[in-house]
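Each protein sequence line maps, in turn, to chains A and B. Each residue of the first sequence is one higher than the last, beginning at 1 in the working numbering. Each residue of the second sequence is one higher than the last, beginning at 280 in the working numbering. What follows is a short report on a single structure.
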Amino acid sequence: MSSISDQKPKLAVFKFASCDGCQLSLLDCETELLELAATVDISYFLEASSRALPGPYEIALADGSITTEEDVRRIREIRSQSKVLVSIGACAVAGGIQALRNYTSVEEYARYVYPKPEYIRSLETSTPMSKHVKVDFALNGCPVNKSQLFEVIVAVLQNRRPNVAPYSQCVDCKIKGNICVMVAHGVPCLGPITHSGCGVLCPSFNRGCYGCFGPKETPNAASLGNWFIKEMHVTPMTVERALRSYYSGSDLMKTASEEFGATRQNFGPNPAPFNPKNE
Amino acid sequence: MSVQSKTSDSPSNRTIRVEALARVEGEGGLTVIMRDGAVESVQFNIFEPPRFFEAFLRGRHHTEVPDITSRICGICPIAYQMSAVHALEQALGIEVTPEIRALRRLIFCGEWLESHGLHVYMLHVPDFLGYEDAIEMSRKYPVQVARGLELKKTGNDLMSAIGGREIHPINVRVGGFYKFPERRALEKMLDPLKRARDIAHETVQFVAKLEFPDYVQDYEFVSLSHPDEYPILEGKIATSRGHEIPVAEFPNHFEEYQVEWSHALQAKIIGGGAYFVGPSARYYLNEAKMPATVRQAATSVGFSREDCRNPYKSIIVRSLETLFACEESIRILEQYDDSVTERVKYRVKAGVGHGCSEAPRGLLYHRYEVGEDGLIREARIIPPTSQNQKSIETDLFNVANRNALRPTGELAHRCAHVVRNYDPCISCATHMLRVIFK
């Protein structure tokens, strides 16, 4: 590209173990994309371009979790090349749905999926980037909200803190004027402990939140879980499963879900769907 | 090129390695080994770390499966949700209503629009015109790139209008939907879709004028095929050798296997060889089911069914399918009724079910075994890119051989273009293994 572009701040986008959806969110900023490209020098974004400039970068966005030794090396290298490192999405922030392996043995998983598991090179756990390097900002969501992603980029460029609210989904439901699915329809909802950001999609579609934006600031998962069990006749096993999904790799969800795993032993297995009131 | 290609001593004895392919979804590379001026071997290398979806689906409640499997791929989440709900509905003996089926087809059209718009304009066209990306291309072709972004946006907006958001929509469930969107909200998509239809016409004209290498292969095409419509959601599995197989018999006709040199599960026809899934296969096997307007658009640029055998021309087929997705969306929207029941009620029982749908990049197969308790006992998922790997490698071998004397950088670029012809979705392939270079 032209020499003028060399003066623009360099932005890089990297992928680790993920569905690619969070970096795709950047391409989904259709209206803003060309404007962004005029403001920053998109120096490394393999999904979009064959152009790949070496660091250092002003801002690096990285999606995906760390699941291989090579990726441990790579995230350290990226950190050393980047002034600001932002982890984007549930995988990068908490290990993603693939962190379910952290509760069992990765060898058993490999044997189930592959005929020759001996070729698999994978770490025992799926971990967030922050377990390996210092992360300057973590943007939640499975997937991230593209407006929030854009806000984070702009905030970094303006050298200010991103305006991303850390409160629960419930606040957004009140603002939006949604009728509470739990109170009005008896549908279990993780909204009270879940981080804001998606625009309270599930309650707006008559279903309970399933927690894909991760825990909000200071959540009380144990209290909500016990309330589900006592007031809504949800089984401990179902609560355990609901807390172990897209943020199963977060320490908070691990501790909370294990509590219900222990309770489950007393109740015995009695599975029921967490949120669709169905059959 | 994004990545250094390594050469050893001489042009006729060299190894060309693209370590990280650009403009594909996920992490992949390729290796071409030349001996005495000819290609000795090629590899389509996939180093996307495995995420073991099938393993952790066991023990989850069946109602969670569409949400979980959508996380396999950010570009084609609806395909994963649809193959999953179809398999589970078969296992549980659920028949959905025609209205539910139509709304599923509508959101799927949104995914085709979004994915094809992305691939045609942002990932594939730059190869033909010699640009690194759509942003660079937009300096010379601002109108075309803006059109591509608008197509993609229309697809995304349609997915959001029905599913809540375009990546990992939240409205699809076993038995139907959580909520039918209000008609007056969905109707707002009609004008953008009509505009997208015009753009799709212009896209067909634009891409048909690109220069295509003269490369034709006798592929075995495989896609769904339906008696009444162009296949998206259901039908039998048809092949260009004339077979028609019920979806439930998929495992009896296709097999996955792991080979040391390929580092990934590949698929082949049992007792046969490589096959080809995706837009070109769909069009080849179902041209007659295309609406007349789409067939006329094809004729107007001199495109015939046999052109599907040139993988570079897949960009024309994607553009034709984009036009189809617009036509089909408008048709469904005009008949849309939001007053119907959003889901079919059912009782949980044990069972086994198979589901196939046509992801933008080809046939996607799911199989589940559900226990009496509604929990998943067994899961199997075969994504389109796994199925295409063998054909990709055949093309790589042939194209590298034809261009064996070219400088390394140019040869590497041509090989990368071959891979992008297939719009591979590497994150999709949960089976993919870590590369082990010897």
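Glycine is no exception: its CB is placed at the ideal position from the N, C-alpha and C atoms.
Contact annotation, A/S250 with A/A94: C-beta distance approximately 4 Å; criterion of less than 8 Å satisfied.
Within the segment 106-120 of chain A, the residues whose Cβ lies closer than 9 Å to some Cβ of chain B are V106, E108, Y109, A110, R111, Y112, V113, Y114, P115, K116, Y119, I120, listed in chain order.
Secondary-structure assignment with DSSP links B/N667 through no beta bridge to anything. In its chain, beyond the 5 residues on either side, V404, P405, L408, Y410, Q423, V424 have a beta carbon closer than 8 Å to the beta carbon of B/M416. Under a criterion of Cβ atoms nearer than 7 Å, the residues of chain B adjacent to A/E30 are, in order, L428, K431, K432.
Taking 7 Å as the CB threshold, B/H447 lines the interface with chain A. B/V486 and B/V596 have their C-alpha atoms some 10 Å from each other. Under the DSSP assignment, B/G632 falls in the beta strand (DSSP E) whose first and last residues are 630-638.
Ranked by how close their Cα comes to the Cα of B/T518, the residues B/G353, B/E535, B/F500, B/E508 have B/F500 in first place.
Not flagged as an interface residue toward chain B: A/S147, since no C-beta distance is shorter than 7 Å.
The segment 107-117 of chain A and the segment 126-134 of chain A do not touch, with fewer than three beta-carbon pairs separated by less than 8 Å.
When Cβ pairs closer than 8 Å are counted between the two stretches, the segment 470-482 of chain B is seen not to touch the segment 490-509 of chain B, the count staying below three. Contact residues of the segment 192-226 of chain A toward chain B are C198, G199, L201, C202, S204, F205, N206, R207, Y210, C212 (C-beta to C-beta distance below 9 Å).
Collapsing the DSSP output to three states places A/H195 in a strand. For A/T67, the neighbours in chain B by C-beta distance under 7 Å run, in chain order, P328. Look at B/R656 here: in three-state DSSP terms it is strand. Taking the CA atoms as reference points, B/N680 sits about 11 Å from B/D315. The three-state secondary structure of B/F332, taken from DSSP, is helix. The C-alpha of A/G21 is placed about 23 Å away from the C-alpha of A/A38. As for any beta strand (DSSP E) of minimum length 3 sitting wholly inside the segment 119-188 of chain A, the runs are 137-139, ordered along the chain.
Assigned with DSSP and collapsed to three states, A/E35 falls in helix.
Rounded to the nearest whole angstrom, the C-alpha separation of B/Q545 and B/C694 is 19 Å.
For the 7 Å CB-CB criterion, B/P345 and B/Q360 form a contact. Interface annotation, B/G443: in contact with chain A, CB-CB separation under 7 Å. A straight-line Cα-Cα distance of about 8 Å links B/V697 and B/P590. Within the segment 297-331 of chain B, the residues whose Cβ lies closer than 9 Å to any Cβ of chain A are, in chain order, A299, L300, A301, R302, V303, E304, G305, E306, F326, E327, P328, P329, R330, F331. Checking the DSSP bridge columns, you'll see A/K116 has no partner listed. Taking 7 Å as the cut-off, the Cβ atoms of A/R101 and A/Y109 count as close. Collapsing the DSSP output to three states places B/H365 in a helix. With contacts defined by Cβ atoms closer than 7 Å, B/E304 and B/S636 do not form a contacting pair.
Sequence-distant partners of B/F582 (beyond 5 residues in either direction) whose C-beta falls short of 7 Å from its own C-beta, in its chain, are A487, I595. B/I611 has a beta carbon lying at 7 Å or more from every beta carbon in chain A. Chain-ordered, the chain A residues with CB closer than 7 Å to the CB of B/Y457 read F205, N206, R207. Annotation: Cβ neighbours of B/N450 in chain A (cutoff 7 Å, chain order): F205.
When the Cα atoms are used, B/E672 and A/L46 turn out to be separated by approximately 21 Å. Only residues of its own chain outside the window of five on either side were considered, and among them A658, R659, I660, T709 have a CB closer than 7 Å to the CB of B/E333, listed in chain order.
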